[in-house]
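**Student:** First residue of the sequence shown? That's 231 in the numbering used here, and the numbers climb one at a time after it.
Note that CB positions come from ideal geometry on N, CA and C, so glycine has one too.
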Amino acid sequence: MSSRPPEKGSEENAPKAKEWPELVVSGCADQTISKIVKGTYRVSTMNHNKPVYKKYEKAKGLDVLVYFWDDRDGLELCGWWFGPAVGGDQVW
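1. Grab the span of the beta strand (DSSP E) containing VAL296 for me, first residue to last.
2. For GLU287, which residues of its own chain have a beta-carbon under 7 Å away from its beta-carbon, when the five flanking residues on both sides are left out?
3. Rank VAL282, TRP299, PRO314 by C-alpha distance to the C-alpha of LEU219 and give the top, closest one.
4. For PRO314, which of LYS285, PRO281, GLY304 has the nearest alpha-carbon?
5. Thinking GLU252 and ARG272 are a contact (beta carbons under 8 Å), I'd like their distance in whole angstroms, please.
6. State the Cα-Cα distance for the pair LEU295 and ASP260, rounded to the nearest angstrom.
7. Examine the ligand GDP and report whether any of its heavy atoms sits within less than 7 Å of the Cβ of MET276.
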């Protein structure tokens, strides 16, 4: 995944917390990754016209985000991602 900053002006378009429900992730098949992604998330901003969810607690000192990446970098990168930064190279 290419490193790209969030869309310009995305902070200005941050949704109000009441507009989006919390997201609860119960884990995944990989136990190591499950410990990182498991938890409750709240919407913190927007990216590619979708909400960016931020986990309440950090994991291993890192923020954990769930964000959508559109097809601008190819269909293979389009979809929802877990990572410490929107559009970063480190994803789970």
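**Tutor:** On the basis of the supplied data:
1. Under the DSSP assignment, VAL296 falls in the beta strand (DSSP E) whose first and last residues are 295-299.
2. Listed in chain order, the non-local C-beta contacts of GLU287 below 7 Å within the same chain comprise GLY269, local neighbours out to five positions each way being set aside.
3. Outside the shown range of the chain, which is 231 to 322, sits residue 219, and nothing can be said about it.
4. In terms of CA proximity to PRO314, LYS285 leads the group LYS285, PRO281, GLY304.
5. Contact between GLU252 and ARG272 holds: their C-beta atoms lie close to 6 Å from each other, under 8 Å.
6. Rounded to the nearest whole angstrom, the CA to CA distance from LEU295 to ASP260 is 18 Å.
7. What this structure holds is no ligand at all, so the ligand GDP is not there to describe.
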